[in-house]
Amino acid sequence: MRSYGRTPDQLRPISFERDFTEMADGSVLVSFGRTRVLCTASVDSSVPRWMRGRGKGWVTAEYSMLPGSSPERVNREAARGRQSGRTQEIQRLIGRSLRSVTDAAKLGERQVVCDCDVLQADGGTRTAAISGAYIALHDAFTRLMAAGQVEDHPMIEACAAVSVGVIDGVPSLDLPYEEDVAAEVDMNVVMTESGRFVEVQGTAEGRPFHRDHLDALLDLASSGISQIISLQNRLLDSPPASR
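As structure tokens, then:
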């Protein structure tokens, strides 16, 4: 039996707690089962030096696993003086995903930094981070519009992500840690609301997998992401609280 009594094609319980913190332009506490990630979006009135004068904005992301997020304490990477390769890979993925659904020209010469801090890790931290950061970024854009700083909303469409994998020969959706470490195939998929792929990261952990497994996993991911986007849209039907 899978966690939460799920069938292979079911997501873990997912929730988004909007405006979890009050200082950032947008913030969300996202939960995928026991995985919890705090996502904030902070607007800067300037862009990186290499983008100046282009009339376009920039969206980037930072990701971290906080101490206490796993059974064994995770050391702060700042204390070591450098980020791990895993951290750099994940934050680049989050940034790419959010930029894929942002109209940089409508943002103007502003930068938005989305910080994704893992409070508790039980598999799927990067997919939860992408799904939550989308909402935080959307709210930050909405507040820019409300303040008259941008004319049109820079968000093009919704974006979300989910993990899939093959467990004991069965394609399964949204893997917690205990399944992730035992998976024969492990994959993370990022998609937009229109059904287009932003990124597909898939790896055979043992023997190579067949095309039919790949197709089944992509179908599962597409179904799961559609459900996540429905939750996002339901939340974003109402504007964020005014400040």
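Residue 448 is where the sequence shown starts when you use my numbering, and the numbers rise one by one after that. The C-beta atom is built at its ideal place from N, Cα and C for all residues, glycine as well. Note that this is a predicted model, so its numbers are computed, not measured.
Alpha-carbon spacing of residue i relative to residue j, whole angstroms
i    : j    : result
I582 : E519 : 30 Å
E626 : R496 : 43 Å
I675 : I461 : 8 Å
W500 : H600 : The question names Trp, yet the displayed sequence has Gly at residue 500. So the alpha carbons of these two residues sit roughly 21 Å apart.
P687 : P655 : 46 Å
A587 : G473 : 5 Å
S669 : S516 : 28 Å
V597 : M448 : 50 Å
T574 : G502 : 31 Å
T534 : E524 : 9 Å
N635 : E464 : 23 Å
T482 : D659 : 29 Å
T589 : L540 : 23 Å
N680 : L622 : 23 Å
R691 : S685 : With the chain covering 448 to 690 only, the question about residue 691 has no answer from this structure.
Q538 : A629 : 25 Å
Proximity winner among the options, relative to residue i (alpha-carbon distances)
i    : options                   : result
I603 : L485, G528, T574 and S547 : S547
T405 : G571, M498, Q596 and A688 : The first residue shown for the chain is 448 and the last is 690, placing residue 405 beyond what the model contains.
G612 : Y451, T650, T549 and D586 : T650
D615 : S474, D621 and E631       : E631
G653 : L584, A663 and D633       : D633
F467 : R539, A580 and V617       : A580
G480 : S531, S450 and D684       : S450
L545 : L584, R557, A575 and S531 : L584
D666 : P618, S641, E640 and A605 : P618
E536 : K503, T572, A552 and G528 : T572
R690 : R557, Q567, E469 and R453 : E469
S578 : G504, M512, M638 and A594 : M638
G642 : D621, A607 and D456       : A607
R459 : S673, L620 and V645       : L620
M592 : G555, S493 and Q457       : G555
Bridge partners - residue i, DSSP secondary structure assignment
i    : result
A508 : C561
S677 : The partner list for S677 (beta bridge, DSSP) is empty, contrary to what the question assumes.
I461 : F479
V617 : I614
T549 : M602
Neighbour flag for residue i against chain D, beta carbons, 7 Å
i    : result
T639 : Any reference to chain D falls outside this structure, which holds one protein chain only.
Starting from the N-terminal side, write out each stretch of the beta strand (DSSP E) that is 3 residues or longer and does not extend beyond the stretch 553-613.
558-567
State whether the stretch 481-495 contacts the stretch 557-566, with contact taken as three or more CB pairs (one from each stretch) at a distance under 8 Å.
yes
Residue ranges of each alpha helix (DSSP H) within the stretch 475-529, 4 or longer:
524-527
Output the residue ranges of the beta strand (DSSP E) runs that lie fully inside the stretch 622-660 and measure 3 residues or longer, sorted by chain position.
632-639 and 644-651
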